[in-house]
Amino acid sequence: MNVIVISSSPNTDGLTAACATAAVQGAREAGASVEEIRLNDLNVGMCEACDNGWGTCLPDHECQVEDDFQPLHARVRGEDAYVLVTPVYWGEMSESAKAFTDRLRRCEATLRDASHLAGKPVIAVAAAGGSGGGMITCLLSMERWIDHVRARKFDLIPVNRWSREYKLVAIREAARTMVQEATR
Ligand SMILES: Cc1cc2nc3c(=O)[nH]c(=O)nc-3n(C[C@H](O)[C@H](O)[C@H](O)COP(=O)(O)O)c2cc1C
């Protein structure tokens with residue numbers, strides 16, 4: 001079973017990174033082959049709403065804005081399960097998470113039940129390292145995204161500075177359980 005853990009903070013040693021590491025550990029413990037991607041290491045730009053608003057994403061389910069999105073899209077299509085970890089910025093996903101999920105949604109949601117993510121489990125993690133606010137609004141938009149691409153909400157996990165210690169345990173357990181359940 002192949003799991004991809006996608007994180008989206010510029011910090012390599014912050015709360016978001018710790019959450020991603022916990023997910024990687026849990027999935028590996030359950031025997032999954034795990035790939036970790038840091039979106040901030042890639043060049044994945046914003047959706048350009050090409051042409052009349054729909055570019056090739058509607059008819060071809062591919063994005064015509066050429067950057068690191070295309071190879072990542074190809075990898076994501078082949079995964080069996082997903083963990084998305086974002087820092088909370090303004091009560092929303094980080095810009096790198098938003099850019100990637102927006103473009104992926106256009107390509108996959110337009111496939112409806114044939115979406116490459118259809119029925120596959122997703123764990124969404126919102127890491128609020130500042131005031132601790134905005135986790136729920138961030139998770140709301142992640143939940144909507146999961147629905148749009150027809151994936152399955154395995155868990156939605158809010159984390160802040162005060163809950164860090166026990167939420168890292170929960171993320172690890174969630175990833176482990178997700179793999180165990182999917183390979184049963
Ligand atoms: C532009 C911006 C907006 C932010 N908005 C929030 C917020 O709404 N709530 C919050 O708790 N933290 C907020 N933060 C703090 C981040 O959530 C915190 O930096 C996050 O945990 C990322 O830290 P990390 O990169 O070390 O994981 C914000 C940070 C930035 C840079």
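In terms of the numbering used here, the sequence shown has 141 at position 141, counting the first letter as 1, and numbering is strictly consecutive. Glycine included, each C-beta is placed from N, C-alpha and C at the ideal position.
Three-state secondary structure assigned by DSSP to residue i
| i | result |
| --- | --- |
| ALA127 | strand |
| SER8 | coil |
| LEU42 | coil |
| ASP155 | strand |
| GLU29 | helix |
| GLU143 | helix |
| VAL149 | coil |
Residue i vs residue j beta-carbon contact at 8 Å
| i | j | result |
| --- | --- | --- |
| GLY26 | ARG172 | yes |
| ASP102 | CYS138 | no |
| GLY31 | THR183 | yes |
Span of the beta strand (DSSP E) around residue i
| i | result |
| --- | --- |
| LYS98 | Not the beta strand (DSSP E): LYS98 falls in the alpha helix (DSSP H), residues 95–109. |
| PRO187 | A query on residue 187 cannot be resolved here, the shown segment of the chain reaching from 1 to 184 and no further. |
Assigned exposure category for residue i - 16 Cβ within 10 Å defines buried
| i | result |
| --- | --- |
| TRP162 | exposed |
| GLU108 | buried |
| GLU79 | buried |
| VAL169 | exposed |
First through last residue of the alpha helix (DSSP H) which encompasses residue i
| i | result |
| --- | --- |
| TYR166 | 164–183 |
| LEU72 | 69–77 |
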